[in-house]
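Residue numbers (the numbering used here): 144 to 312.
No residue lacks a Cβ here, since even glycine has one placed at the ideal position from N, Cα and C.
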């Protein structure tokens with residue numbers, strides 16, 4: 144087993160243990176720490192399996208917190224990093240990969256949809272980071288193979304449209 148793979152497995156197992164204890168539900172402090180740790184991993188890995196896991200957990204964590212928690216997390220630039228990753232994955236050949244990047248993209252879009260929901264500040268970050276252009280590029284590249292995920296793909300776009308200040312853009 145390669146050293147890189149061992150590190151990825153170790154990180155993944157640590158997060159599984161943390162998440163499975165469900166301590167996050169009992170305290171906002173731990174929730175914030177866990178989300179912060181996930182964003183740190185997001186910024187430091189290119190392993191598709193780890194990205195899939197991190198996006199899945201971030202998506203779950205961003206379903207129901209108040210906008211203030213989303214804004215606090217957004218200061219670590221997960222929206223920008225996620226869009227960079229999606230831009231990169233959009234240009235990969237899914238058949239030439241060990242792990243299908245389309246699944247990672249789907250879960251990444253789910254995270255973006257959840258973090259931008261009811262949070263105009265996150266919608267602004269999404270737009271300023273080229274999110275709308277990436278939505279359109281992913282749609283054009285994968286409209287056939289990504290059919291099931293189209294509602295998720297356009298979810299963040301829909302959240303942006305709901306923000307009055309962004310409608311004219």
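Asked, Found
"Pick from 254, 246 and 296 that is closest to residue 191, judged by C-alpha positions", "246"
"Neighbourhood of residue 170 by C-beta, 6 Å cutoff - its chain only, sequence neighbours within 5 removed", "Note that residue 170 scores 46 on pLDDT, short of 50, meaning its location in the model is unreliable; the coordinates nonetheless yield the value given after this. For residue 170, where only same-chain residues beyond five positions count, there are no Cβ hits under 6 Å."
"Limits of the unbroken alpha helix (DSSP H) element including residue 285", "274-285"
"Member of 284, 288, 176 and 277 whose CA lies at the smallest distance from the CA of residue 230", "277"
"DSSP three-state assignment for residue 310, whether helix, strand or coil", "coil"
"Spatial neighbours of residue 204 in its chain, beta-carbon cut-off 6 Å, leaving aside the 5 residues before and after", "178"
"Length of the line joining the Cα atoms of residue 299 and residue 184", "22 Å"
"Test item: CB-CB of residue 256 and residue 214 under 8 Å", "no"
"Span of the alpha helix (DSSP H) around residue 265", "263-271"
"C-alpha gap between residue 207 and residue 234, whole angstroms", "32 Å"
"Neighbourhood of residue 202 by C-beta, 7 Å cutoff - its chain only, sequence neighbours within 5 removed", "250, 253, 254 and 257"
"Alpha-carbon to alpha-carbon, residue 228 and residue 303", "20 Å"
"Start and end residues, alpha helix (DSSP H) containing residue 235", "Here residue 235 belongs to no alpha helix (DSSP H), and DSSP marks it neither H nor E."
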